[in-house]
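Note that UniProt numbering gives residue 68 to position 68 of the sequence shown, counting from 1, and the numbers run on in steps of one.
Ideal placement from N, C-alpha and C gives every residue a C-beta, glycine not left out.
Only a predicted model underlies this, so the values are computations on that prediction, with no experimental measurement involved.
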Amino acid sequence: MLVFDLVSWYQNSFPIQPTDRRTMSSRGNRHTLTIRHVQQEDFGNYSCVADNTLGRSKKYMEVSGRPGPAEFVSTPWSRLPDSYNLTWKVESYPPLLEVRLLYRKLMMNETFQQPGRWHDVILTPSPRPLSEPLTHVMAFTLRGLLPASVYEAIVQAKNRYGWNEVSDIFQFYTQRISSDLHSEEMQVASSTSRSGATSLHRRPSSAVTAWPCLLVLTAAATLLSRRLLTSGGNGDSLQRNL
């Protein structure tokens with residue numbers, strides 16, 4: 001097994017010097033940078049550079065205090081024809097200061113779909129429970145929607161370190177009004193009665209950037225395999241394998 005002759009750590013392209021909060025250690029082909037009591041000055045772009053007789057390899061990661069991307073957790077099917085309860089969660093160590101919700105209707109027919117204009121809603125988050133120090137769960141009910149329609153939503157959150165990345169687009173669907181459902185059922189029942197059919201098919205209705213207390217960056221020296229970056233973490237630490 002070949003090992004790297006030299007492994008160096010950098011923050012924003014500047015070499016990292018060991019301090020009482022920043023320590024570097026090596027064990028075999030694993031090289032670790034540990035940052036304790038993370039502060040704002042610790043945020044930035046980190047790189048690990050490994051050299052041996054075969055050449056050099058470098059990998060990067062960003063350490064940020066901004067919120068992680070929002071993840072929608074509500075079911076896409078609304079129970080009502082004109083409203084929908086949208087639920088999402090965001091991971092952020094500092095409290096969230098503001099959340100921006102945008103939604104729009106998709107205008108669709110059999111041959112094409114065209115998005116409508118975005119509706120912008122600004123929300124003020126409530127304090128999170130102490131039992132969930134990182135996860136903020138939020139919900140908002142959209143009203144005045146059109147029945148039997150498809151909508152899209154995105155969310156962006158802000159804490160004292162700035163805005164996170166915009167979430168992935170989430171699609172949800174409103175119910176048809178009850179009179180339309182009843183009329184459709186009667187038509188289908190009449191059709192199946194004439195044809196002798198016995199079945200009726202109905203549609204049922206029914207993403208780490210945080211401010212941790214401890215940051216661990218780890219490099220594994222593997223013969224310039226170019227597969228030097230994997231990640232894992234928990235509530236109070238971040239770890240990167242390089």
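- [ ] Sort Arg-30, Thr-141, Ala-157, Gly-65 by Cα distance to Thr-124 and report the nearest one.
- [x] Ala-157
Open item on the list: Let's see if you can read the secondary structure: which residues bound the beta strand (DSSP E) around Ile-122?
Closed with: 119 to 123
- [ ] For Ile-35, count neighbouring C-beta atoms within 10 Å of its own C-beta (all shown protein chains included) and say buried if the count is 16 or more, exposed if not.
- [x] buried
Open item on the list: Measuring only from the beta carbon, is Asp-20 closer than 6 Å to any heavy atom that is part of the ligand MN?
Closed with: As far as ligands go, the structure on display features none, and thus does not contain the ligand MN.
Open item on the list: Quick check on this structure: which residue in Leu-101, Ser-83, His-119, Ile-122 has the alpha carbon closest to the alpha carbon of Arg-143?
Closed with: Comparing Cα positions, the closest option is Ser-83.
- [ ] Use the C-beta contact count for Phe-172: other C-beta atoms within 10 angstroms, 16 or more gives buried, fewer gives exposed.
- [x] buried
Task: Three-state secondary structure assigned by DSSP to Ser-57 - done: strand
TODO: Give the single residue among Val-121, Leu-146, Leu-145, Ala-148 whose Cα lies nearest to the Cα of Ala-139.
DONE: Val-121
TODO: Report the rounded CA-to-CA distance for Thr-135 versus Thr-53, giving the unit in angstroms.
DONE: 46 Å
Open item on the list: For Tyr-15, which residues in the same chain have their Cβ closer than 7 Å to its Cβ, ignoring the five residues on either side in sequence?
Closed with: The sequence given here has Pro at residue 15, not Tyr. Result list for Pro-15: Ser-8, in chain order.
TODO: Specify the secondary structure class of Glu-41 as computed by DSSP and reduced to three states.
DONE: helix
TODO: Check the C-beta distance from Pro-147 over to Gln-175 and give it rounded, since I have them as a contact under 8 Å.
DONE: 6 Å
Task: Whole-angstrom distance between Tyr-103 and Ser-183, CA atom to CA atom - done: Note that Ser-183 scores a pLDDT of 49, beneath 50, so its modelled location is shaky and nothing firm can be said.
TODO: Report the rounded CA-to-CA distance for Pro-212 versus Leu-33, giving the unit in angstroms.
DONE: Confidence in Pro-212 is poor, its pLDDT being 48 and thus under 50, which makes the residue's placement unreliable; the coordinate value appears in the next sentence. Their Cα atoms are separated by approximately 15 Å.
Task: Terminal residues of the beta strand (DSSP E) in which residue 323 lies - done: Given that the chain is displayed from residue 1 to residue 242, the structure contains no residue 323 and the question cannot be resolved.
Task: Within the stretch 65 to 143, ranges of the alpha helix (DSSP H) (whole runs, at least 4 residues) - done: none
- [ ] Spatial neighbours of Val-155 within its chain, please: CB distance less than 6 Å, with the 5 preceding and 5 following residues excluded, ordered by chain position.
- [x] Ala-70, Trp-88, Leu-101, Ser-167
Open item on the list: Alpha carbons only, please: which of Tyr-60, Glu-41, Pro-67 is nearest the one belonging to Gly-162?
Closed with: Pro-67
TODO: Please name the residue, chosen from Thr-19, His-31, Arg-22, that lies closest to Asp-5 on a Cα-to-Cα basis.
DONE: His-31
Task: Short Cβ contact (7 Å threshold) for Ser-47 with Tyr-93 - done: no
TODO: On the DSSP bridge assignment, give the partners of Tyr-10 in chain order.
DONE: Pro-15, Ser-47, per the DSSP bridge assignment.
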